[in-house]
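Okay, structure first, notes after.
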Amino acid sequence: MAETRRVLASLSNSLLNQVNLMAPVECNSAADCVIETMKVIVSERKRLEIIEKLKEGYEEMSQINLDFAEMGLEQDIVDLVCYEASLKRRGML
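Residue numbering for the sequence shown follows the numbering used here, starting at 49 and increasing by one per position.
Below is the structure:
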């Protein structure tokens, strides 16, 4: 089992009242509600970090794709110029 440590937290009366109202429905006690809430917060932060990393990765990949597309277009233009030159030499253009 994971090692646990006791944490003291101060909550405003209104927040504590909300937790106490929620506790019987969602949790066994107010402390369990706080624990579950902390787990949700940690999980949500991790999820947001992953989303941000994915966003950065997609932005980097989009630039790489653009670079490849431009390289291909440059080569297409070179090929077209060479093709037109060969047609001119043959008198076909």
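Built from N, CA and C at the ideal position, the CB exists for glycine as well.
Compute the beta-carbon to beta-carbon distance between residue i and residue j, rounded to the nearest angstrom, for a pair I have assumed lies under 8 Å.
i, j, result
"A78", "N68", "6 Å"
Would you say residue i and residue j are within 9 Å of each other, going by their C-beta atoms?
i, j, result
"C81", "E92", "no"
"E132", "L121", "no"
What does the alpha-carbon distance come out to for the pair residue i and residue j?
i, j, result
"D127", "R95", "47 Å"
"A117", "V129", "19 Å"
"N113", "I98", "22 Å"
"E107", "N61", "45 Å"
"I18", "A71", "Outside the modelled stretch of the chain, which goes from 49 to 141, sits residue 18, for which no answer is possible."
Looking at C-alpha atoms only, which residue of the options is the closest neighbour of residue i?
i, options, result
"V55", "D115, M86, G139 and E108", "M86"
Between residue i and chain D, is the shortest Cβ-Cβ distance under 9 Å, so that the two count as touching?
i, result
"L59", "In summary, chain D is missing from the structure at hand, where a single protein chain is found."
List in chain order: all unbroken beta strand (DSSP E) runs of 3+ residues lying wholly within the stretch 58-110.
Listed in chain order, nothing qualifies, since the stretch 58-110 has no complete beta strand (DSSP E) run of 3 or more residues.
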